[in-house]
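**Q** Here the sequence shown is numbered in my numbering, starting from 37 and rising by one per residue.
Glycine is no exception: its CB is placed at the ideal position from the N, C-alpha and C atoms.
Sharing a structure, written as structure tokens. Questions coming.
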Amino acid sequence: MPPEISVVIPTYNHAHCIGRAVDSVQAQDFRDFEIIVTDAASTDGTPGVMAGRAAPNLRYLRLPKRVNLPQGRNIGIREASGRYIALLDSDDAWLPSKLRMQRELFTPARPELALVYTLLSVVSEKTGESLVPEQPRLRGKIQARLLENNLLLGAPSSALIRRDFLEETGLFDPDMDTCEDWDLWLRIAGRYEVDFVPEPLTLRYEYASSMSAAPGALRNGRAKILEKHMTLYRQHPAIMAETLYILGLQSLKLGEKSAARAYFRRAFSAALTGAPLRALKSLVRAVLP
37 MPPEISVVIP
47 TYNHAHCIGR
57 AVDSVQAQDF
67 RDFEIIVTDA
77 ASTDGTPGVM
87 AGRAAPNLRY
97 LRLPKRVNLP
107 QGRNIGIREA
117 SGRYIALLDS
127 DDAWLPSKLR
137 MQRELFTPAR
147 PELALVYTLL
157 SVVSEKTGES
167 LVPEQPRLRG
177 KIQARLLENN
187 LLLGAPSSAL
197 IRRDFLEETG
207 LFDPDMDTCE
217 DWDLWLRIAG
227 RYEVDFVPEP
237 LTLRYEYASS
247 MSAAPGALRN
257 GRAKILEKHM
267 TLYRQHPAIM
277 AETLYILGLQ
287 SLKLGEKSAA
297 RAYFRRAFSA
307 ALTGAPLRAL
317 KSLVRAVLP
């Protein structure tokens, strides 16, 4: 009989933390699950770590070559047999009640509920200190809110998704190296409802080499989201203007003044019907030397 939940953990050269991720799943008080680890041809000690955690409910798929994170997730999802898909990045972890509290929200009375996320606790890998940042709490039809930024649903590791709805919507875009989760959330939220568990049950570990230290990648990911979902953004000109304004600021920080001016001009145009204050800021930035 298939498990209720399939937990998909993509990994690459995370021997130092993949064990922690797997152990946090095995410690769940909801027990009807399988674990699928997709290893994108790691060159460190990951195979040894996984060999030490062999279990009947765990499948370790060592891929023949390196793939990006969206591809690794998609491979695991296609191998899954559960009714629900839980995503977990190999450098994150869960508290023991996470799956149970999320699964309880999927009831027959809510046939359009596709995704349940949890709040996050951000943990410093260096010091072990943790904090729970202020996070939006969104439920229902939330696609327009999701256009604003990718922080509204926290991290992919917090998501539990109905597999049939995920397959209908389409999996992660393998051509997106960043913000691929944002793209998927937008597509899911365009069709279905979202809910959340108001407790920080997902532990997101912060490293010096984390994506937050790569402003160029974040700017490029946001730009791809804007272009891919342009039809939707045009229905919300204020949000579109704000997004273009942010892209302009990010480009300035990267030293790309020509790109910044182009984004600010587009922000000004979009803001004519949406956000005059932001438009003014964009105009000021656009004329800076």
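1) Using three-state DSSP, classify A116 as helix, strand or coil.
2) Per DSSP, V233 is paired with what?
3) Between which two residues does the beta strand (DSSP E) holding E70 run?
4) Straight-line CA distance for P169 to P132?
5) Quick check: the Cα distance between S294 and C215, rounded to an integer number of angstroms?
6) Within a Cβ cutoff of 6 Å, which residues of the same chain sit near V58, ignoring the five residues on either side of it in sequence?
7) Cutting at 8 Å between CB atoms, please list the residues of its own chain near L222, excluding the five before and the five after it.
8) Between G284 and S193, what straight-line distance do the alpha-carbon atoms span, to the nearest angstrom?
9) Pull up the CB-CB distance for G118 and R198, whole angstroms please, since I reckon it's below 8 Å.
10) Around the Cβ of M37, are there at least 16 other Cβ atoms within 10 angstroms (buried) or fewer (exposed)?
11) Report the rounded CA-to-CA distance for A287 versus A303, giving the unit in angstroms.
12) In three-state terms, what does DSSP make of P192?
13) Below 8 Å on the Cβ atoms is my contact criterion, and I expect P251 with L290 to pass it. Report the Cβ-Cβ distance as a whole number of Å.
14) Go ahead and label R240 buried or exposed: buried means 16 or more other beta carbons lie within 10 angstroms of its beta carbon, across all protein chains shown.
15) With C-beta atoms as the reference, is T47 less than 9 Å away from I54?
16) State yes or no: is the C-beta of V73 nearer than 8 Å to some heavy atom of the ligand PLP?
17) Where do the N-terminal and C-terminal ends of the beta strand (DSSP E) with Y96 fall, by residue?
18) P92 to Q64, Cα distance in whole Å?
19) How would you label G164, buried or exposed, when you count the other beta carbons within 10 angstroms and need 16 or more for buried?
20) Check R136 in the structure and name its three-state DSSP category.
21) Please say whether R56 and A122 have beta carbons closer to each other than 9 Å?
22) Label A249 either buried or exposed according to how many other C-beta atoms from any shown protein chain fall within 10 Å of its C-beta, with 16 as the threshold for buried.
23) Taking the alpha carbon of P100 as the point to measure from, which residue in A87, R114, T74 has its own alpha carbon closest?
24) Assess contact between the region 138-156 and the region 71-86, defined as three or more Cβ pairs (one per stretch) separated by less than 8 Å. Is contact present?
25) Rounded to whole angstroms, what is the Cα-Cα separation between R109 and R297?
26) Per DSSP, W130 forms a beta bridge with which residues?
27) Output the distance between the C-alpha atoms of S305 and R255, rounded to the nearest integer angstrom.
28) How many angstroms separate the CA atom of Q171 from the CA atom of A191?
29) What does a CB cutoff of less than 8 Å around I275 pick up in its chain, not counting 5 residues either side in sequence?
30) In this structure, how does DSSP classify I121 when only helix, strand and coil are distinguished?
31) In this structure, does DSSP put R258 in helix, strand or coil?
**A** If we stick to the structure as given:
1) coil
2) T154
3) 69-75
4) 20 Å
5) 24 Å
6) R89
7) Q179, L182, L183, I261, H265, L268
8) 30 Å
9) Rounded, the Cβ-Cβ distance is 10 Å, inconsistent with contact.
10) Exposed, since its Cβ has fewer than 16 Cβ neighbours within 10 Å.
11) Note on identity: in this sequence residue 287 is Ser, with Ala being the wrong assignment. Their Cα atoms are separated by approximately 13 Å.
12) helix
13) 6 Å
14) Label assigned to R240: buried.
15) yes
16) Absence of the ligand PLP is noted for the structure shown, with no ligands found whatsoever.
17) 94-98
18) 16 Å
19) exposed
20) helix
21) no
22) Because A249 carries a pLDDT of 47, less than 50, the predicted location of this residue cannot be relied on, and the following value inherits that uncertainty. By the neighbour-count rule (16 or more Cβ atoms within 10 Å), A249 is not buried but exposed.
23) T74
24) The region 138-156 vs the region 71-86: no contact.
25) 36 Å
26) The partner list for W130 (beta bridge, DSSP) reads T238.
27) 20 Å
28) 11 Å
29) A180, L183, E184, Y269, G310
30) strand
31) helix
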